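Asks: Residue numbers (our numbering): 9 to 345.
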Amino acid sequence: MADYIVDLAGRLIDLEPDSIPRYKIMKQLLEYETDDATLMKAADEAMTSEQVQVLVRQQSQVGSWGKRFFTRNKIVKNPAHTTETSLIRLNAMAVDPSRQIMKNAVEYMEKLLDGRLQWPDKIDSALGNDEAMRLVIAARLSEVVPDHPYIVEYADNIMKILTAAFDHGYFDEGQMREASEDILGLRLDSDCQICFSLYPLILLRDKVDYELEQRWMDHIFNKRRGIYLVNNRSLNHLPLSFPSEESMRYINAMDLLSWYPSAMSHLDNARDWLWDQLTGNGFWDFGTYGRDGLELPLSRSWRDNVSRQIDSTVRALVILRRIQRTCGLRDSVCHFL
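Next comes the structure, spelled out in structure tokens:
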């Protein structure tokens with residue numbers, strides 16, 4: 009399967025993609041060495057593209073974008089709508105943390121977390137309170153600088169809540185509610201459950217011990233409404249149609265969970281399902297449903313069928329490549345790759 013991913017990535021390069029998808033293929037799929045001259049040239053071309061430069065121009069002097077940090081809606085026309093959507097977009101385009109635009113954003117998030125700046129948001133009901141807002145910021149910071157010292161406190165807090173929730177070997181909602189209120193001051197309803205939302209899954213990559221992670225993943229896959237702020241249907245049920253809004257949400261969930269070794273056995277059917285969606289010419293095509301303004305598009309225009317298929321295929325292959333790597337962490341179980 010590894011060779012097939014590389015072969016498919018090579019076919020994409022032969023199609024002469026735009027600068028951003030070409031750079032992502034070389035960096036994330038073909039895995040050129042960081043000091044490779046060809047990769048460095050591709051990186052410079054991608055970073056001078058209009059998709060990146062529009063965010064450079066719209067970044068404020070303090071490193072933010074828009075009037076808010078958080079956004080509940082992860083489908084936007086303008087990636088610079090909020091700081092969060094801008095960060096998602098920059099990560100999707102593989103902008104390196106060493107670039108000045110990312111350094112500015114990191115400094116802004118540091119100032120929000122240590123109190124030198126106040127976030128501009130009125131706390132959204134999807135979050136609950138200031139502590140939940142800090143969790144959002146810490147999670148997005150961890151995507152840029154995974155080992156940043158500022159994220160330790162927030163990761164530890166979520167770990168304490170998770171530990172309490174599964175302390176008896178199974179999920180205890182009462183224990184989770186009590187720990188959430190004690191640690192974060194959050195009174196949770198049946199839908200807004202912080203440990204089963206988008207942000208802890210970003211924040212706790214490579215930080216959860218295996219046994220706890222396994223219980224956490226088992227519960228996430230069996231939740232009736234999936235991952236809060238990502239999808240609204242059990243992940244044990246594959247999408248009914250493709251392409252569709254539901255299938256794009258499912259792929260986003262696969263992306264989040266592909267970092268967790270304990271999720272791999274659950275993702276067996278999901279991985280096979282995604283491979284089954286290849287078109288007759290051997291590429292993926294997410295259609296208009298894939299255009300969320302953040303993860304996609306990567307190319308300058310999606311009106312061109314080839315560009316749309318290149319972008320869709322890059323998105324799918326990056327997730328499948330990560331699943332493959334994560335499986336290597338527990339290869340005694342992940343025999344299916």
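Cβ coordinates follow ideal geometry from the N, Cα and C atoms, glycine included.
Treat the numbers as computed from the prediction; the structure is a model and nothing was measured.
Residues in the same chain with beta-carbon distance under 6 Å from Leu358, minus the five sequence neighbours each way, listed in chain order, please.
Replies: What the structure shows of the chain is the stretch from 9 to 345, and residue 358 is not part of that stretch, so it cannot be assessed.
Asks: Looking only at its own chain, which residues have a Cβ that is under 8 Å from the Cβ of Ile13, when we skip the five neighbours before and after it?
Replies: For the purposes of this step, residue 13 is taken as the residue at position 5 of the sequence shown. Excluding positions up to five away in sequence, the list reads Leu37, Leu325, Leu328, Arg329 and Gln332.
Asks: So what does DSSP say about Ser205, is it helix, strand or coil?
Replies: Position 197 of the sequence shown, counted from the first residue, corresponds to residue 205. If DSSP states are grouped into helix, strand and coil, Ser205 belongs with the strands.
Asks: Are there 16 or more other CB atoms within 10 angstroms of the CB of Gln61, so buried, or fewer, so exposed?
Replies: Along the sequence shown, read from residue 1 onward, the residue named residue 61 stands at position 53. Exposed, because fewer than 16 other Cβ atoms sit within 10 Å of the Cβ of Gln61.
Asks: Run through DSSP, which three-state label would Gly336 get?
Replies: Looking up residue 336 in the sequence shown gives position 328. Helix.
Asks: Since Ala140 and Leu192 are thought to touch, with beta carbons under 8 Å apart, how far apart are those beta carbons, to the nearest angstrom?
Replies: Taking the sequence shown and counting its residues from 1, one reaches residue 140 at position 132. Taking the sequence shown and counting its residues from 1, one reaches residue 192 at position 184. With 8 Å as the limit, Ala140 and Leu192 qualify as a contact, their Cβ atoms being about 6 Å apart.
Asks: Does Pro208 pass the burial test, meaning 16 or more other C-beta atoms within 10 Å, or should it be called exposed?
Replies: Translated into the one-based positions of the sequence shown, residue 208 becomes position 200. Counting Cβ neighbours within 10 Å, Pro208 comes out buried, since at least 16 surround it.
Asks: Rounded to whole angstroms, how far is the Cβ of Leu125 from the Cβ of Val70, which I believe are closer than 8 Å?
Replies: Numbered from its first residue, the sequence shown carries residue 125 at position 117. Numbered from its first residue, the sequence shown carries residue 70 at position 62. Yes, Leu125 and Val70 are in contact; Cβ-Cβ is about 7 Å, under 8 Å.
Asks: Buried or exposed for Ala172, going by 16 or more other Cβ atoms inside 10 Å?
Replies: On the sequence shown, position 164 is the one that residue 172 refers to. Burial call: buried.
Asks: Any idea what DSSP makes of Ser198, helix, strand or coil?
Replies: By 1-based counting over the sequence shown, the position of residue 198 is 190. With a pLDDT of 48 at Ser198, under the threshold of 50, the modelled position of that residue is not reliable, and the figure given next carries that caveat. In this structure, Ser198 counts as coil in the three-state DSSP scheme.
Asks: Of the choices Thr93, Val144 and Val153, whose alpha-carbon is the least far from that of Ile166?
Replies: Position 158 of the sequence shown, counted from the start, is the residue given in the question as residue 166. Of Thr93, Val144 and Val153, the residue nearest in Cα terms is Val144.
Asks: Out of Asn81, Trp224, Arg323 and Asp104, which one is the CA nearest neighbour of Asp52?
Replies: Numbered from its first residue, the sequence shown carries residue 52 at position 44. Taking only the C-alpha atoms, the option nearest Asp52 is Asp104.
Asks: From Ile33 to Thr46, what does the alpha carbon distance come to, in whole angstroms?
Replies: The residue given as residue 33 occupies position 25 in the sequence shown. The residue given as residue 46 occupies position 38 in the sequence shown. If I take the Cα positions, the gap works out to 12 Å.
Asks: Is DSSP giving Gly298 helix, strand or coil here?
Replies: Stepping through the sequence shown from its first residue, residue 298 is reached at position 290. Three-state result, Gly298: helix.
Asks: Leu16: buried (16+ other C-beta within 10 angstroms of its C-beta) or exposed?
Replies: As a position in the sequence shown, residue 16 is number 8, starting the count at 1. Flag for Leu16 reads buried.
Asks: Does the pairing of the stretch 64-78 with the stretch 108-126 give three or more beta-carbon distances under 8 Å?
Replies: In short, these stretches touch, since the Cβ pair count reaches three.
Asks: Do the stretch 22-29 and the stretch 314-324 meet, that is, are 3 or more Cβ pairs less than 8 Å apart?
Replies: As far as the Cβ criterion goes, the stretch 22-29 touches the stretch 314-324, which means the pair count is three or higher.
Asks: What is the DSSP secondary structure of Tyr162, reduced to helix, strand or coil?
Replies: In the sequence shown, residue 162 corresponds to position 154, counting from 1. Three-state result, Tyr162: helix.
Asks: Output the boundary residues of the alpha helix (DSSP H) element that contains Gly182.
Replies: For the purposes of this step, residue 182 is taken as the residue at position 174 of the sequence shown. Looking at the DSSP string, the run of the alpha helix (DSSP H) that includes Gly182 is Glu181 to Leu192.
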